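A.B. asks:
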Amino acid sequence: SKSYDTYGPIGPVIVPASQIPDPHNLKIEARLNGKTMQTSNTSNLIFNVPYLISYISQRITLEAGDVITTGTPHGVGTFYKPPIFMQDGDVIEIEIEKIGILKNQVVAEK
Numbered sequence: 007s008k009s010y011d012t013y014g015p016i017g018p019v020i021v022p023a024s025q026i027p028d029p030h031n032l033k034i035e036a037r038l039n040g041k042t043m044q045t046s047n048t049s050n051l052i053f054n055v056p057y058l059i060s061y062i063s064q065r066i067t068l069e070a071g072d073v074i075t076t077g078t079p080h081g082v083g084t085f086y087k088p089p090i091f092m093q094d095g096d097v098i099e100i101e102i103e104k105i106g107i108l109k110n111q112v113v114a115e116k
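So the sequence shown is numbered by this note's numbering: it starts at 7 and just counts up by one.
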């Protein structure tokens, strides 16, 4: 992963693939303090889910329960003018259609 400790929250529920008939057409939205920052769709993924699973499984052993993440859509705060960075106390929500909302408060490292 290209991320830092605590930067990859998931849960509290993981929706199994069997519950998502078409993972290639789901709306994705990210909101910071209620403001929509990113909107996209899984149809915009560069590589589709079966390809990712195939590619990764040729290099490492995938086990039941493994989670594959795919990156982020256009709209990252770094590229706003002026840039927007999450601050202590901010609330970030990520919503994926038919899956749910992941909501977390940003907490500064002490």
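Glycine included, each C-beta is placed from N, C-alpha and C at the ideal position.
It should be emphasised that the depicted structure is a prediction, and the values quoted were computed from it without experimental measurement.
(1) Hey, Asn47 and Leu68 are a contact pair by Cβ (cut 8 Å); roughly how many whole angstroms apart?
(2) So, Ile34 versus Ile102, is the Cβ gap smaller than 7 Å?
(3) Whose C-beta lies closer than 6 Å to the C-beta of Thr45 among residues of the same chain, with five residues either side of it excluded?
(4) Do Thr76 and Leu51 come within 7 Å of each other at the CB atom, strictly closer than that value?
(5) By the DSSP assignment, the alpha helix (DSSP H) with Val97 in it spans what residues?
(6) Out of Lys41, Ile59, Gln64, state which residue places its alpha-carbon closest to the alpha-carbon of Gly83.
(7) To the nearest whole angstrom, what separates the beta carbons of Ile105 and Leu38, a pair I think is in contact under 8 Å?
(8) Does the separation of the CB atoms of Asn110 and Pro15 fall below 7 Å?
(9) Starting from the Cα of Gln93, find the closest Cα among Thr12, Gly17, Ala114 and give me that residue.
(10) Could you please give the first and the last residue of the uninterrupted alpha helix (DSSP H) stretch that includes Leu58?
C.D. replies: Concretely, from the data shown:
(1) Start at 1 with the first residue of the sequence shown, and residue 47 comes out as number 41. Start at 1 with the first residue of the sequence shown, and residue 68 comes out as number 62. About 25 Å separates the two Cβ atoms, so there is no contact after all.
(2) Numbered from its first residue, the sequence shown carries residue 34 at position 28. Numbered from its first residue, the sequence shown carries residue 102 at position 96. It is a contact, given that the beta carbons lie within the stated cut-off.
(3) Indexing the sequence shown from 1 puts residue 45 at position 39. For Thr45, where only same-chain residues beyond five positions count, the Cβ hits under 6 Å are Glu35.
(4) Locating residue 51 in the sequence shown gives position 45, counting from the first residue. Locating residue 76 in the sequence shown gives position 70, counting from the first residue. Yes, the Cβ-Cβ distance between Leu51 and Thr76 is below 7 Å.
(5) As a working mapping, residue 97 is identified with position 91 in the sequence shown. Run containing Val97: none in the alpha helix (DSSP H); it sits in the beta strand (DSSP E), 97 to 102.
(6) Counted from its first residue, the sequence shown places residue 83 at position 77. The option with the nearest alpha carbon to Gly83 is Lys41.
(7) Taking the sequence shown and counting its residues from 1, the one referred to as residue 105 is at position 99. Taking the sequence shown and counting its residues from 1, the one referred to as residue 38 is at position 32. No, Ile105 and Leu38 are not in contact; Cβ-Cβ is about 19 Å, not under 8 Å.
(8) Mapped onto the sequence shown, residue 110 falls at position 104. Mapped onto the sequence shown, residue 15 falls at position 9. Against a cut-off of 7 Å, the Cβ pair of Pro15 and Asn110 comes out as a contact.
(9) For this step, residue 93 is matched to residue 87 along the sequence shown. Closest by C-alpha distance to Gln93, out of Thr12, Gly17, Ala114, is Ala114.
(10) In the sequence shown, residue 58 corresponds to position 52, counting from 1. 55 to 63 is the span of the alpha helix (DSSP H), which, as asked, contains Leu58.
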